[in-house]
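> My questions all concern the structure below.
2 protein chains.
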Amino acid sequence: MASGAGRRRRTQIHYVPGDVPEVVVQRLPLYVRVLADFEEQDMQVVSSEKLGTRLNMTPAQIRKDLSYFGRFGKQGRGYNVNNLVSTLRNILGLDISWNAAVLGMGRLGRAVVAYPGFEPEGFRVVAAFDNDERLTGSEVGGLRVQAMEEIPSTVKSRNIKIGIVAVPADSAQSVIDALVKAGVRSVLNYAPLSPKVPSSVKVRSVDPVLALQSMTYYLKNPADVH
Amino acid sequence: MASGAGRRRRTQIHYVPGDVPEVVVQRLPLYVRVLADFEEQDMQVVSSEKLGTRLNMTPAQIRKDLSYFGRFGKQGRGYNVNNLVSTLRNILGLDISWNAAVLGMGRLGRAVVAYPGFEPEGFRVVAAFDNDERLTGSEVGGLRVQAMEEIPSTVKSRNIKIGIVAVPADSAQSVIDALVKAGVRSVLNYAPLSPKVPSSVKVRSVDPVLALQSMTYYLKNPADVH
DNA sequence: GTTTGTGAAGGATTTCACAGCA
DNA sequence: TGCTGTGAAATCCTTCACAAAC
């Protein structure tokens with residue numbers, strides 16, 4: 011122990027996970043995304059002002075968000091792009107890759123398996139499940155489709171930490187229950203329902219229809235100001 | 011004027027759109043969804059308690075949300091399922107159908123055009139756009155792929171109110187600018203960026219990668235309590 | 001007895017504004 | 001001078017708790 015003496019130690023200190031508001035955690039990936047873009051453009055340093063402009067957020071919010079995790083900036087200069095992006099990736103666990111299973115091999119599940127956007131971000135779809143016996147045993151995107159009964163063993167053997175649920179609404183809860191029982195604590199849910207999970211499990215739902223249905227309110231009631 | 015005398019008039023009164031918090035509007039479609047399900051099961055009446063159980067929300071929040079729009083319940087009984095679902099549909103503008111255009115005919119855009127979940131909810135994809143000349147003129151899901159230059163005229167002639175953006179990140183902003191210029195005020199964005207739009211325009215982004223990237227935080231830092 | 005609708009309280013999140021540092 | 005980090009203030013959102021209604 012007795013950590014590094016070096017020069018001035020400035021970064022990496024505090025951050026007690028439990029103290030960080032969930033909204034803040036949900037914004038961190040946005041920061042990572044623009045920072046990665048700035049990095050690609052060989053930008054060395056960036057201010058909260060510039061990040062805010064790019065993300066349509068106030069600079070104060072960005073500074074406050076980052077302050078939950080440490081002190082990463084330099085007064086008068088801003089943030090070192092490379093440092094900040096790699097620190098945030100580390101905080102979020104994006105510096106390692108995560109194995110996921112896709113549940114449901116219908117139209118949507120197949121699209122998810124074929125989706126090329128996960129792999130480059132470190133998410134690997136390593137298993138595919140479906141309850142239809144006409145599908146189990148067949149291949150989808152290089153994966154053998156397995157029966158749901160195999161969830162517990164495969165989750166363990168393949169070190170699966172994330173379940174991506176693409177089954178119909180009426181079977182989603184039972185599939186999620188099975189995932190949770192098998193130890194999965196992160197669920198990306200494409201089914202149109204609000205699943206019940208223990209508080210130790212995170213669910214994020216992706217639902218374009220819900221998104222549309224709240225926008226029509228504003229189409230119907232054009233706000234005078236907003 | 012001098013509105014209905016009848017018996018007691020209870021419902022449908024107030025609601026000044028500008029006063030309703032956006033979070034509340036975003037939850038209304040959730041209520042519509044469960045109510046529609048209850049309706050299908052021939053349930054006549056439902057309490058905020060039951061709705062809350064189904065949605066993992068407190069009954070108080072549901073009652074408060076609904077109270078922004080009127081007084082729809084009966085003390086001691088609850089809400090009439092049929093009434094409430096149709097009132098909420100009306101408030102949200104879900105009692106009419108909306109025309110949408112899909113922009114970008116790559117893998118994702120094609121999937122969106124083929125997606126069977128929009129039509130039954132009253133969202134019609136009536137136009138498809140792409141800038142690649144090898145695609146324009148061809149057919150995708152029964153739609154002729156049009157060049158982006160045709161956005162203004164087609165938005166008007168086909169009464170398009172919603173743009174669904176499925177182009178790469180680097181062309182998304184310009185496509186959205188074109189939509190906005192053409193009068194579109196609702197954008198469903200699949201591209202990985204935070205687009206800039208005037209405050210009169212609503213954007214909702216669908217991004218499974220962002221959703222995953224914030225869940226890994228909790229995988230990495232299992233909360234003691236939460 | 002049950003459940004709504006809602007002021008008031010409480011909690012969470014955002015923004016302000018400025019001391020302090022580069 | 002320029003910009004961060006952060007307490008304090010302001011705003012926003014949720015929950016409480018209870019009178020009123022059925």
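So the protein lines, in turn, are chains Y and R.
Here the working numbering is used: position 16 in the first sequence is 26, and no number is missing along the way.
Here the working numbering is used: position 68 in the second sequence is 78, and no number is missing along the way.
Glycine included, each C-beta is placed from N, C-alpha and C at the ideal position.
Just so it is clear, the structure is predicted and the values come from calculations on it, not from any experiment.
(1) For a test of the three-state rule: what should DSSP assign to R/R81, helix, strand or coil?
(2) So with CB distances below 7 Å, who are the chain Y contacts of R/P39?
(3) Just the Cα atoms here: how many angstroms apart are R/Q71 and R/V55?
(4) Taking DSSP as the reference, what is the three-state secondary structure of R/I170?
(5) Quick check: the Cα distance between Y/E129 and Y/V135, rounded to an integer number of angstroms?
(6) Output yes if chain Y places a C-beta closer than 8 Å to the C-beta of R/R87; else output no.
(7) Enumerate in chain order the residues of its own chain whose CB-to-CB distance from Y/V91 is below 8 Å, with the five nearest sequence positions on each side excluded.
(8) Count the other C-beta atoms from every protein chain shown that fall within 10 angstroms of the C-beta of R/Q51, then say buried if there are 16 or more, exposed otherwise.
(9) Are the C-beta atoms of Y/I161 and some chain R residue less than 8 Å apart?
(10) So if I threshold CB-CB distances at 8 Å, which residues from the region 68-102 of chain Y count as touching chain R?
(11) What separation, rounded to the nearest whole angstrom, lies between the Cα atoms of R/D29 and Y/Y227?
(12) Using the beta-carbon of each residue, which ones in chain Y are nearer than 8 Å to R/N66?
(13) Return the chain-ordered ranges of every beta strand (DSSP E) run that is complete within the region 151-204 of chain R and spans a minimum of 3 residues.
(14) Is Y/S13 buried or exposed, if buried means 16 or more other CB atoms sit within 10 Å of its CB?
(15) Excluding the 5 residues preceding and the 5 following Y/K166 in the sequence, name in chain order all residues of the same chain whose CB lies nearer than 8 Å to its CB.
(16) Considering only DSSP beta bridges, list what R/G88 is partnered with.
(17) Taking the alpha carbon of Y/S210 as the reference point, which residue from Y/V219, Y/A201, Y/V197 and Y/L222 has its own alpha carbon closest?
(18) Could you please give the first and the last residue of the uninterrupted beta strand (DSSP E) stretch that includes Y/A137?
(19) Shorter than 8 Å from the beta carbon of R/D172 to some beta carbon of chain Y?
(20) Using 8 Å as the cut-off, can you tell me whether the region 108-122 of chain R makes contact with the region 171-184 of chain R, which would need three or more C-beta pairs spanning the two stretches below that distance?
(21) If you reduce the DSSP assignment to three classes, tell me which class R/K212 lands in.
(22) When the distance is taken between beta carbons, is R/T146 closer than 8 Å to R/A157?
(23) Let me make sure I understand the geometry here. Which of Y/N141, Y/L102 and Y/G151 has the alpha-carbon closest to that of Y/G132?
(24) Okay, do the region 30-45 of chain Y and the region 99-113 of chain Y touch, 3+ Cβ pairs below 8 Å being the bar?
(25) R/G151 to R/L61, Cα distance in whole Å?
(26) Distance check for Y/V155 and Y/D142, CA to CA, integer angstroms please.
(27) Considering Cα atoms alone, identify which of Y/R73, Y/E159, Y/K74 and Y/L94 is closest to Y/L113.
(28) Would you kindly work out how many angstroms separate the C-alpha atoms of R/R81 and R/A137, rounded to a whole number?
(29) Can you grab the Cα-Cα spacing for the pair R/V42 / Y/S224, in whole Å?
(30) Measuring CA to CA, which of Y/N231, Y/D217, Y/V190 and Y/V185 is closest to Y/M115?
Well, looking at it:
(1) Here the question's residue 81 of chain R lines up with position 71 in the second sequence. Three-state DSSP puts R/R81 in coil, outside helix and strand.
(2) Within the second sequence, residue 39 of chain R is the residue found at index 29, counting from 1. Residues of chain Y passing the Cβ test: L220, Q223 and S224.
(3) Counted from its first residue, the second sequence places residue 71 of chain R at position 61. Counted from its first residue, the second sequence places residue 55 of chain R at position 45. Our two residues, R/Q71 and R/V55, have alpha carbons roughly 18 Å apart in a direct line.
(4) Counted from its first residue, the second sequence places residue 170 of chain R at position 160. Here R/I170 sits in strand by DSSP.
(5) Stepping through the first sequence from its first residue, residue 129 of chain Y is reached at position 119. Stepping through the first sequence from its first residue, residue 135 of chain Y is reached at position 125. Taking the straight line from one Cα to the other gives about 8 Å.
(6) Residue mapping note: residue 87 of chain R aligns to position 77 of the second sequence, counting from 1. So, not an interface residue.
(7) Position 81 of the first sequence, counting from 1, holds the residue named residue 91 of chain Y. The beta carbon of Y/V91 is closer than 8 Å to those of L45, F48, E49, M53, Q54, V55 and V56 in its chain, skipping five residues each way along the sequence.
(8) Counting from one through the second sequence, the residue named residue 51 of chain R turns up at place 41. With fewer than 16 other Cβ atoms within 10 Å, it is exposed.
(9) Position 151 of the first sequence, counted from the start, is the residue given in the question as residue 161 of chain Y. Not closer than 8 Å to any Cβ of chain R, the Cβ of Y/I161 fails to qualify, so no.
(10) So the list reads I101 and L102, given in the order they occur along the chain.
(11) Stepping through the second sequence from its first residue, residue 29 of chain R is reached at position 19. Stepping through the first sequence from its first residue, residue 227 of chain Y is reached at position 217. Their Cα atoms are separated by approximately 13 Å.
(12) For the purposes of this step, residue 66 of chain R is identified with residue 56 of the second sequence, where counting begins at 1. Residues of chain Y passing the Cβ test: S204 and K206.
(13) If we require 3 residues or more, the beta strand (DSSP E) runs fully inside the region 151-204 of chain R come out as 153-156, 170-175 and 196-199.
(14) If you number the first sequence from 1, residue 13 of chain Y lands on position 3. Unreliable positioning characterises Y/S13 in this predicted model, as indicated by a pLDDT of 32, which lies under 50. A coordinate reading is not provided.
(15) Counting from one through the first sequence, the residue named residue 166 of chain Y turns up at place 156. Taken in chain order, the residues that qualify are A192 and G193.
(16) Within the second sequence, the letter at position 78 stands for residue 88 of chain R. The partner list for R/G88 (beta bridge, DSSP) reads R/K84.
(17) Translated into positions along the first sequence, residue 210 of chain Y becomes position 200. For the residues Y/V219, Y/A201, Y/V197 and Y/L222, the minimum Cα distance to Y/S210 belongs to Y/V197.
(18) To locate residue 137 of chain Y, count along the first sequence from 1; it is residue 127. Residue range F133 to F139 is occupied by the beta strand (DSSP E) that includes Y/A137.
(19) Here residue 172 of chain R refers to the residue found at position 162 of the second sequence. Checking the displayed sequence, the identity of residue 172 of chain R turns out to be Ile instead of Asp. R/I172 counts as touching chain Y.
(20) As far as the Cβ criterion goes, the region 108-122 of chain R touches the region 171-184 of chain R, which means the pair count is three or higher.
(21) In the second sequence, counting from the first residue as 1, residue 212 of chain R sits at position 202. If DSSP states are grouped into helix, strand and coil, R/K212 belongs with the strands.
(22) As a working mapping, residue 157 of chain R is identified with position 147 in the second sequence. As a working mapping, residue 146 of chain R is identified with position 136 in the second sequence. Going by C-beta atoms, R/A157 is nearer than 8 Å to R/T146.
(23) Within the first sequence, the letter at position 122 stands for residue 132 of chain Y. Just measuring C-alpha positions, the residue of Y/N141, Y/L102 and Y/G151 sitting nearest Y/G132 is Y/L102.
(24) In short, these stretches touch, since the Cβ pair count reaches three.
(25) Within the second sequence, numbered from 1, the residue matching residue 151 of chain R stands at position 141. Within the second sequence, numbered from 1, the residue matching residue 61 of chain R stands at position 51. Cα to Cα, the separation comes out at about 38 Å.
(26) For this step, residue 142 of chain Y is matched to residue 132 along the first sequence. For this step, residue 155 of chain Y is matched to residue 145 along the first sequence. Going by the C-alpha atoms only, they are around 10 Å apart.
(27) Taking the first residue of the first sequence as position 1, residue 113 of chain Y is located at position 103. Nearest C-alpha to Y/L113: Y/E159.
(28) As a working mapping, residue 81 of chain R is identified with position 71 in the second sequence. As a working mapping, residue 137 of chain R is identified with position 127 in the second sequence. So the alpha carbons of these two residues sit roughly 40 Å apart.
(29) The count along the second sequence starts at 1 and reaches residue 42 of chain R at position 32. The count along the first sequence starts at 1 and reaches residue 224 of chain Y at position 214. Cα atoms of R/V42 and Y/S224: separation of roughly 11 Å, rounded to the nearest angstrom.
(30) By 1-based counting over the first sequence, the position of residue 115 of chain Y is 105. That would be Y/V185, whose Cα lies nearest to the Cα of Y/M115.
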